[in-house]
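S.K.:
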Amino acid sequence: MSKTILVVDDSASIRQVVSMTLKGAGYSTIEASDGRDALAKLTGNRVHLVISDVNMPNMDGITLLKELKARPDTKFTPVIMLTTESEAAKKEQGRAAGAKAWVVKPFNPQQLMAAVGKLIMP
Amino acid sequence: MLTHHQAAGIDTVSFAGEMTIYDIENLATAFMPLIGQASNLVVDLKEVTEIDSSGAQLLMMARLERQRLDKAFSLVNHSVAVVNLFKLLGLLNWFDDPVLLSGDA
Amino acid sequence: MNMDAALQTFFTESRELLEDMESQLLQLEGIDEAQLQESLNAVFRAAHTIKGSAGIFNLDFIVAFTHVVESVLDRLRNQQIAIDEALVSLLLSCRDHIAALVDAAEAKEPPDVSAGEPLLAELQQYLAADAQPTSHAAATQVANTPPPFERMAADAVSNDCWHISVRFGLNSFRDGMDPLSFLTYLGTLGNLVSVTPLAEFIPALEQYDCESCYLGFAIQFASQASKQEIEDVFEFVKEDSELHIISPNSQLTEYIQLIESMPEIDQRLGEILLQCGALTAAELQRALSRQQQQQPTAPIGEILAHGDASLNPVLDAALTKQSKVRESLAKEQKSLRVDADKLDHLINLVGELVTAGAGTSLLADSLGDGNLCESVSILNGLLEEVRDAALKLRMVPIGATFSRFQRVVRDIAKELGKDIELQITGAETELDKSVVEKIGDPLMHLVRNAIDHGIESQATRLAQGKSERGEISLHAYHDSGNIVIEVGDDGKGLDPEVIRRKAIEKGLLDEQSNLSDEELFNIIFEPGFSTAAQVSNLSGRGVGMDVVKRNIADLRGRVEVLSQLGQGSTMRIILPLTLAIIDGFVIGVADEQYVLPLDTVLECLELNSAELDSTDEPYINLRGQVLPLIFLRDYLAVRGSKPRRQSIVVVQSGGQSAGIVVDRLYGEFQTVIKPLGKLFSRVGCVSGSTILGNGTVALILDIHGLLDAMIAYEQLQYRR
Chain A
277 MSKTILVVDD SASIRQVVSM TLKGAGYSTI EASDGRDALA KLTGNRVHLV
327 ISDVNMPNMD GITLLKELKA RPDTKFTPVI MLTTESEAAK KEQGRAAGAK
377 AWVVKPFNPQ QLMAAVGKLI MP
Chain P
25 MLTHHQAAGI DTVSFAGEMT IYDIENLATA FMPLIGQASN LVVDLKEVTE
75 IDSSGAQLLM MARLERQRLD KAFSLVNHSV AVVNLFKLLG LLNWFDDPVL
125 LSGDA
Chain S
44 MNMDAALQTF FTESRELLED MESQLLQLEG IDEAQLQESL NAVFRAAHTI
94 KGSAGIFNLD FIVAFTHVVE SVLDRLRNQQ IAIDEALVSL LLSCRDHIAA
144 LVDAAEAKEP PDVSAGEPLL AELQQYLAAD AQPTSHAAAT QVANTPPPFE
194 RMAADAVSND CWHISVRFGL NSFRDGMDPL SFLTYLGTLG NLVSVTPLAE
244 FIPALEQYDC ESCYLGFAIQ FASQASKQEI EDVFEFVKED SELHIISPNS
294 QLTEYIQLIE SMPEIDQRLG EILLQCGALT AAELQRALSR QQQQQPTAPI
344 GEILAHGDAS LNPVLDAALT KQSKVRESLA KEQKSLRVDA DKLDHLINLV
394 GELVTAGAGT SLLADSLGDG NLCESVSILN GLLEEVRDAA LKLRMVPIGA
444 TFSRFQRVVR DIAKELGKDI ELQITGAETE LDKSVVEKIG DPLMHLVRNA
494 IDHGIESQAT RLAQGKSERG EISLHAYHDS GNIVIEVGDD GKGLDPEVIR
544 RKAIEKGLLD EQSNLSDEEL FNIIFEPGFS TAAQVSNLSG RGVGMDVVKR
594 NIADLRGRVE VLSQLGQGST MRIILPLTLA IIDGFVIGVA DEQYVLPLDT
644 VLECLELNSA ELDSTDEPYI NLRGQVLPLI FLRDYLAVRG SKPRRQSIVV
694 VQSGGQSAGI VVDRLYGEFQ TVIKPLGKLF SRVGCVSGST ILGNGTVALI
744 LDIHGLLDAM IAYEQLQYRR
């Protein structure tokens, strides 16, 4: 059974790149365009890892992280936050909310897979 | 899931299904009281389909506690998932229970 | 290690490699670039491994020949020369020669080295094609280069490891950070030589929080990775965790620092470092005493200044050994070679056990003690599992036997100027090893027959609108307790008329006789029958098909022929799954007991004498179907009077059903088959004997033989 990763980003192209990279490595993916969409798509799906952008419309990554920590089925699910160098303030907020794993954009597929590999087994 | 039965002075606790952080609280709540009470404690891992470090740590704690109490404790029927985890974390040696390494697992 | 045993392993291993080599070589033509490279690598590795192992056993004649083959293969895989059909043929011949050399070595006979000389001459042409150095020369060069660090070379094994100590943060689990995945990821950067858990931080039961992480690990890690790369593995947990990474050949002080960082367990940590092989006992002693000498406040630099710190290689030889044992445990082989004799002995014992178990079961039944019966039934259930597991040990896939035919088909087709493809399906089907060993020859005959007689010449095929390339198929599958192996071809098929004329000509058939097509097909198994108008040197000498039938009968199997004129033929071999133990159904006639194979038994009925008396014909109406009856009492000519009530056992074999009328039913019984002596080999309807639980001997009835006899008898009646 391949592990499922929820990919949350408002940029369709980033979602696609991330999804393709993960699928190429044998993971299944679910894509969501923002935090609210992500929470909706979680229902009924067991997710092993969440990769989320920070800056998103409707519900941003940090709120999503807090929501995930509050749900029994996702409170222990590892989360990778995608961020840019310029978002220092956001990063501080994220840290406070319990975000541990950060990947800085722009990233290449190897960097992404390395981050995923440290958190879940294939 | 955890089942407990007692026969001939031996308490057998069987873990089944997932022993991961998502279930650990329920498992620990049922399991921890037995660690102190049972005189002979056998933990059957045959039906464990998935286990993570939190599951392994619970078993480690049980073993340490039983050693402190100087009471018998053994793990039996390690499932493939358990053996794989134990191998990786160096726990096969740490728990020195006999483990059958199945040939075609 | 026992040299003879090792040598035996070498022979077995070499044969496997050679077989692999053959199948790889055969598929070289017409595969794509990537696969080609992979196959060439596999062939090269095979030759390389054989050469290497042969060297250990001083089998210099194998080394000498294989070395040249390996050199050519090396150039092939480095694309210095190209693969073509001539080279494939040459390499196949070389493979055969290596096999012959291995055989000679095993038989302890002088090898026929001269047979390899023409091959070597041909190989040299490929090597001489240009002036690049061969792999051998290259290898020598490498060997002559001095190792870069002499000191390392002296104790290199023990010295290569990083030491990583990590204590994960309390919230690791809650953050979704499982130490397990970090260690797994670390494993992708190198080799986890040893992982020692640090359980010292796990609190007592009362303080234990099951969602907190108290784990730590001491890891010996062999890797080319940089310190930064290793540190990055723990990037996501580094804020909350304590991480120490000590590079290979580090100063003792680094370890002292590590020990100091975990004061609550410093003593124990020292032991762990010793245990996981990072420090020797002497070094640990030095480190601990030095640590005690220092005031806690003393700067690290001071320790450094004192240093006789040129730290030796830190691994103790004994500890290296220990971690090696652990390493090999991790790489636990997935299969195990067991001497076939030992296995047979086990099967025999299991057989005896099964018999004894059945006896105990009978005894328990007669005593009528409920507890005893229950316990015996549990015991017998387990026995059955043990039996099945033991028999499974002997099961091997037929694939290896099948793939040998690739070569046969290729060679013979070439010789006959035909273009034939072999299709293999069901290669993973498992059957008893003893059957696999004995099925090779009959299969060979059938395949040769199919190539020789079955597939037409290319011209004929084209004229008939068939594809130029003929197809032969080998197909294996399981079918209700049997293994079925089919040898099919899309050739001309059997012509019943030709067979008929031939049979009459050979005096095997009466001119008046009126046989069905199937009966005519079966004549090809008669001794002295051959359909080939032209006798070739491959088959068609009239020996073969009768031998095939006999060989298969020896395995308690049978052969069927399916053929469609112009479309092709299929020879279907039906074999029992195993030879040793079957589930039997025990019946009784007069005072004797007989065993029917349980998988042939459909149901049991009571014989209604009234219904039977109304007619002379031995059959009954079973739910609208005619069921012919065999009165076993009459058939076996048992004297004495019939009991008042008799039973019918409905059996089925090869699509035929019949009712066997018996006196008594005893039920299921695990039956260990003992073969009958040669004297009884002509008795058609008995396939063996067994010893029942109470010690009496019972014959095992061959249902197929019984039904055949019944049909033959009926036809005889009919003709009259």
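Chains as they are written, first to last, in my numbering: chain A, 277 to 398; chain P, 25 to 129; chain S, 44 to 763. We put the beta carbon where it would ideally sit given N, CA and C, even for glycine.
#1: Is the beta carbon of D47 (chain P) closer than 8 Å to that of V66 (chain P)?
#2: Taking 8 Å as the cut-off, decide whether the C-beta atoms of V632 (chain S) and T733 (chain S) are in contact.
#3: Identify whether P348 (chain A) lies in helix, strand or coil by the three-state DSSP scheme.
#4: Would you verify that the beta carbon of P354 (chain A) is, or is not, closer than 8 Å to some beta carbon of chain S?
#5: With a Cβ-Cβ cutoff of 8 Å, do V284 (chain A) and G311 (chain A) count as a contact?
#6: Note down the Cα distance separating K367 (chain A) from F119 (chain P), rounded to an integer number of angstroms.
#7: Residue range of the alpha helix (DSSP H) that H140 (chain S) falls in?
#8: Measuring only between beta-carbons, confirm whether F260 (chain S) sits less than 8 Å from chain A.
#9: Quick check: the segment 80 to 99 of chain P against the segment 234 to 247 of chain S, are at least 3 beta-carbon pairs closer than 8 Å?
#10: Output the distance between the C-alpha atoms of D706 (chain S) and K476 (chain S), rounded to the nearest integer angstrom.
#11: Does the distance from the C-beta atom of I617 (chain S) to that of V527 (chain S) stay below 8 Å?
#12: Ignore the nearest five residues each way along the sequence and tell me which others in G370 (chain A)'s own chain have a CB closer than 6 Å to its CB.
#13: May I have the straight-line CA-CA distance separating I290 (chain A) from F383 (chain A), to the nearest angstrom?
#14: For the segment 220 to 236 of chain S against the segment 108 to 116 of chain P, are there 3 or more C-beta pairs whose distance is under 8 Å?
#15: Which same chain residues, not among the five before or five after L645 (chain S), have their C-beta less than 6 Å away from its C-beta?
#16: Using a 10 Å radius around the Cβ and a threshold of 16 neighbouring Cβ atoms, would you call A372 (chain A) buried or exposed?
#17: Does chain A have any CB closer than 8 Å to the CB of R217 (chain S)?
#18: Just the C-alpha distance for I673 (chain S) and I630 (chain S), rounded to the nearest angstrom, thanks.
#19: Identify every residue that forms a DSSP beta bridge with N101 (chain P).
#20: Is it right to say H521 (chain S) is buried, meaning 16 or more other beta carbons lie within 10 angstroms of its own, or is it exposed?
#21: Could you tell me the boundaries of the alpha helix (DSSP H) in which R210 (chain S) lies?
#22: Label H349 (chain S) either buried or exposed according to how many other C-beta atoms from any shown protein chain fall within 10 Å of its C-beta, with 16 as the threshold for buried.
#23: Here's the rule I'm using: 16 or more other beta-carbon atoms within 10 Å means buried, otherwise exposed. How should A252 (chain S) be labelled?
#24: Would you say A443 (chain S) reaches chain P, if we count a Cβ-Cβ gap shorter than 8 Å as a contact?
#25: Return the chain-ordered list of same chain residues with a C-beta closer than 6 Å to the C-beta of R118 (chain S), the five sequence neighbours on each side being excluded.
#26: What's the C-alpha gap between D408 (chain S) and V681 (chain S)?
#27: Determine the direct distance from the alpha carbon of E71 (chain P) to that of P671 (chain S), and round the result to whole angstroms.
#28: Which of the three DSSP states is assigned to P57 (chain P) in this structure?
#29: Against V276 (chain S), what residues of chain A qualify as contacts under a CB-to-CB distance less than 8 Å, listed in chain order?
#30: If the criterion is Cβ atoms closer than 8 Å, does the pair G469 (chain S) and H518 (chain S) meet it?
#31: My guess is that H747 (chain S) and R601 (chain S) are in contact by the Cβ rule of under 8 Å, so how many angstroms apart are they, rounded?
#32: What are the partner residues of I281 (chain A), as DSSP defines its beta bridges?
#33: If distances are taken between C-alpha atoms only, which option among P:D94, P:G79, P:A32 comes closest to T53 (chain P)?
#34: 8 Å is my cut-off, CB to CB: does Y251 (chain S) come that close to chain P?
#35: Which class does L742 (chain S) belong to by DSSP, given the choice of helix, strand or coil?
M.R.: Once the coordinates are examined:
#1: Their beta carbons are not under 8 Å apart, which means V66 (chain P) does not touch D47 (chain P) by this criterion.
#2: Contact: no.
#3: Note: P348 (chain A) maps to coil in three-state DSSP.
#4: Interface residue, yes.
#5: It is a contact, given that the beta carbons lie within the stated cut-off.
#6: Distance between the alpha carbons of K367 (chain A) and F119 (chain P) is about 42 Å.
#7: DSSP places H140 (chain S) inside the alpha helix (DSSP H), whose first and last residues are 128 to 150.
#8: Taking Cβ atoms only, chain A never reaches closer than 8 Å to F260 (chain S), which makes this a no.
#9: Contact holds: three or more Cβ-Cβ distances are below 8 Å.
#10: D706 (chain S) and K476 (chain S) have their C-alpha atoms spaced approximately 38 Å apart.
#11: In terms of Cβ geometry, I617 (chain S) and V527 (chain S) form a close pair [threshold 8 Å].
#12: In the same chain as G370 (chain A), and ignoring 5 residues on each side of it, the C-beta atoms closer than 6 Å to its own belong to I338, M357, in chain order.
#13: Roughly 10 Å separates the two Cα atoms.
#14: In short, these stretches touch, since the Cβ pair count reaches three.
#15: Closer than 6 Å at the Cβ level, and outside the excluded window around L645 (chain S), lie V693, Q695.
#16: Classification of A372 (chain A): exposed, given that the 10 Å Cβ count is below 16.
#17: The beta carbon of R217 (chain S) falls within 8 Å of a beta carbon belonging to chain A, placing the residue at that interface.
#18: When only Cα atoms are considered, I673 (chain S) and I630 (chain S) end up about 14 Å apart.
#19: Note: N101 (chain P) sits in no beta bridge, so no partner.
#20: Label assigned to H521 (chain S): exposed.
#21: Not the alpha helix (DSSP H): R210 (chain S) falls in the beta strand (DSSP E), residues 204 to 210.
#22: Bear in mind that a pLDDT of 35 at H349 (chain S), under 50, signals an unreliable position, so the number given afterwards is only what the model happens to contain. In summary, H349 (chain S) is exposed, with fewer than 16 beta-carbon neighbours lying within 10 Å of its beta-carbon over all protein chains present.
#23: Sequence check: residue 252 (chain S) is Asp here, not Ala. D252 (chain S) comes out exposed.
#24: Residue contact check for A443 (chain S) against chain P: no CB pair falls below 8 Å.
#25: Closer than 6 Å at Cβ, skipping near neighbours: I124.
#26: A straight-line Cα-Cα distance of about 29 Å links D408 (chain S) and V681 (chain S).
#27: The alpha-carbon atoms of P671 (chain S) and E71 (chain P) are separated by roughly 51 Å.
#28: Looking at P57 (chain P) - three-state DSSP - the assignment turns out to be helix.
#29: Within 8 Å Cβ-Cβ: K394.
#30: With contacts defined by Cβ atoms closer than 8 Å, G469 (chain S) and H518 (chain S) form a contacting pair.
#31: Taking 8 Å as the upper bound for CB-CB distance, H747 (chain S) and R601 (chain S) are in contact here, some 6 Å apart.
#32: Per DSSP, A:T305, A:L325.
#33: The closest CA to that of T53 (chain P), considering only P:D94, P:G79, P:A32, is found on P:G79.
#34: Chain P, which has a Cβ nearer than 8 Å to the Cβ of Y251 (chain S), makes this yes.
#35: DSSP places L742 (chain S) in the strand class (E or B) of the three-state scheme.
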